[in-house]
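Residues in the sequence shown are numbered from 5 upward in steps of one, following this note's numbering. The beta-carbon is built from N, C-alpha and C at its ideal position, and this holds for glycine as well. Source: prediction; values computed, not measured.
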Amino acid sequence: MKRRFLGNSGLEVSSLCFGAMMFVGDSGWRHLSALGPADAKGMVNIALDSGVNFFDTADIYSGGASESLLGDALGSRRKEAIIATKVGFRTGEGTHDVGLSRQHVLEACHASLRRLHTDYIDLYLLHTYDPMVPLEETLRALEDLVHEGKIRYLGCSNFMAWYLMKALAVADSRGWSRFVALQSLYALTNRDIETEIIPACIDQGVGIMVWGPLAGGFLTGKYRKNQPWPGGTRIASPSDHLPFDEDRAYRTLEVLDGIACEHRATIAQIALRWVLDQRGVSSVVFGARNREQLTENLRAAEMHLTAEELGALDAVSKPPRPYPLWHYDVFNKERVHD
Ligand SMILES: NC(=O)c1ccc[n+]([C@@H]2O[C@H](COP(=O)([O-])OP(=O)(O)OC[C@H]3O[C@@H](n4cnc5c(N)ncnc54)[C@H](OP(=O)(O)O)[C@@H]3O)[C@@H](O)[C@H]2O)c1
């Protein structure tokens, strides 16, 4: 599997990142899967043996079980892995068991280290932005953890572009570590980040880690217009899927059908490949409920789509250009450059 630099950093990550949110243990998020210790170990080994070196988890996934299962599954192969984990969502009942205060960030980082059975986290991500806490406080706490050797690289997730820019400016002005990655939802059905976030990341050398590349399973072909919804999957009913334009999504599935057929591939593989080929993307964090889905998805890393195929997918899934971008397009139309 090809490696890519994570943004402008020296961290080389596999183009596919294994999302461990599906490691749920006995009492976790059972609607996602039933993956316990034996499955986690088996799947982590398949991923590592296929060239995946990048693993994503978070302190809230299954109340911490995802981190514990990932740490256990990596075991003696810990050094082969780049582990990303996250802080920010509520982890307990206490006042400071949520958010990005110094208090919570320090506590949460130490708890993640314990669950992952490691003395360093390769990439620590702020899971969401917290407008109630000054950025300086959060970034200072992260900087202290970096200095203590507990965190090696920093990043954020689900940030707006202006908030990312603000965080980078604060870090730069204080000489603190910059974010090297931003983790964001991006899929053929959900292309919102193209307007502001991708240009900001490219401009700033921040690598994009995509989550939800299959729109939680919608972009696999098992959900069809006017057909019965399958049971036993994460998206229990049509009202459950991620927010997107359904008509455009079903039209996109039709184009995916044709391309998948040409390649003797699955719709999931083509949908993953499309995200892998988008600019600014360093790594695509994918999910799998079982080993079959895992091995199927891993093959996307070796595929090649033609410019025509990528163009067809782009055209059918393209959302309207929001203001002020369409306004800029009018202004820029006649300014032709070589
Ligand atoms: N930063 C964040 O806020 C955030 C949010 C969400 C996730 N994440 C991270 O991103 C990772 C991936 O997110 P995601 O799980 O939403 O991504 P996804 O790849 O869009 O969806 C994964 C789901 O799609 C279905 N699926 C996957 N491969 C399939 C295949 N080959 N055939 C048929 N169905 C298939 C499975 O669900 P079913 O079998 O149930 O259909 C699987 O659980 C997570 O593990 C987590 O690490 C981060």
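- Going by DSSP, name the residue or residues bridged to ARG8. Residue 8 sits at position 4 when you count from the first residue of the sequence shown. VAL17, per the DSSP bridge assignment.
- Item | Beta-ladder partner(s) of ILE86, from DSSP | Counting from 1 along the sequence shown, the entry for residue 86 is found at position 82. The partner list for ILE86 (beta bridge, DSSP) reads PHE58.
- Message: Counting beta carbon pairs with one atom in the segment 5–15 and one in the segment 282–296, are three or more of them shorter than 8 Å?
- Response: Contact holds: three or more Cβ-Cβ distances are below 8 Å.
- Pick out whichever of PHE183, ASP207, LYS83 has its Cα sitting closest to the Cα of LEU127. To locate residue 127, count along the sequence shown from 1; it is residue 123. Ranking the options by Cα distance to LEU127, first place goes to PHE183.
- Message: What residue range does the beta strand (DSSP E) around GLN231 cover?
- Response: As a position in the sequence shown, residue 231 is number 227, starting the count at 1. Following the DSSP letters along the chain, one finds GLN231 in no beta strand (DSSP E), marked with neither H nor E.
- Message: Does the contact criterion of 3 or more C-beta pairs under 8 Å hold for the segment 315–329 versus the segment 230–241?
- Response: The segment 315–329 vs the segment 230–241: no contact.
- Message: At the level of alpha carbons, what is the spacing between ARG332 and ALA165?
- Response: If you number the sequence shown from 1, residue 332 lands on position 328. If you number the sequence shown from 1, residue 165 lands on position 161. Before going further, note that residue 332 is Tyr rather than Arg in the sequence given. Using only the alpha carbons, I get a separation of about 18 Å.
- Task: Figure out for me which residue from ILE64, LEU78, ILE86, LEU146 has the closest Cα to the Cα of GLU97.
- Result: In the sequence shown, residue 97 corresponds to position 93, counting from 1. Residue ILE64 holds the alpha-carbon nearest to the alpha-carbon of GLU97 among ILE64, LEU78, ILE86, LEU146.
- Query: In terms of DSSP beta bridges, what is ASN194 paired with?
  - Reply: If you number the sequence shown from 1, residue 194 lands on position 190. Note: ASN194 sits in a beta bridge opposite ALA191.
- Query: When you compare only the Cα positions, how much space is there between TRP278 and THR99?
  - Reply: Locating residue 278 in the sequence shown gives position 274, where the first residue counts as 1. Locating residue 99 in the sequence shown gives position 95, where the first residue counts as 1. Looking at the two C-alpha atoms, the distance is approximately 42 Å.
- Task: With DSSP as the reference, label SER181 as helix, strand or coil.
- Result: Locating residue 181 in the sequence shown gives position 177, where the first residue counts as 1. Correct three-state label for SER181: coil.
- Query: Mind checking whether ALA305 and SER19 have CB atoms under 8 Å apart?
  - Reply: For the purposes of this step, residue 305 is taken as the residue at position 301 of the sequence shown. For the purposes of this step, residue 19 is taken as the residue at position 15 of the sequence shown. Against a cut-off of 8 Å, the Cβ pair of SER19 and ALA305 comes out as a contact.
- C-beta contact flag for ALA272 and MET307 at 8 Å: By 1-based counting over the sequence shown, the position of residue 272 is 268. By 1-based counting over the sequence shown, the position of residue 307 is 303. Taking C-beta atoms as the reference points, ALA272 and MET307 fail to come closer than 8 Å.
- List the residues that DSSP assigns as beta-bridge partners of VAL214. Taking the first residue of the sequence shown as 1, we reach residue 214 at position 210. DSSP links VAL214 through a beta bridge to SER188, VAL288.
- Message: Given the structure, does PRO217 come close to ligand 1, in the sense that its CB is under 7 Å from one of the ligand's heavy atoms?
- Response: Reading the sequence shown from its first residue, position 213 is the one you call residue 217. The answer is yes for PRO217.
- Task: Let me know the secondary structure DSSP gives SER243 once reduced to three states.
- Result: By one-based count along the sequence shown, residue 243 stands at place 239. Note: SER243 maps to helix in three-state DSSP.
- Message: Determine whether the beta carbon atoms of PHE163 and TYR190 lie at a separation below 8 Å.
- Response: In the sequence shown, the residue the question calls residue 163 occupies position 159. In the sequence shown, the residue the question calls residue 190 occupies position 186. Cβ distance not < 8 Å, so PHE163 and TYR190 don't count as in contact.
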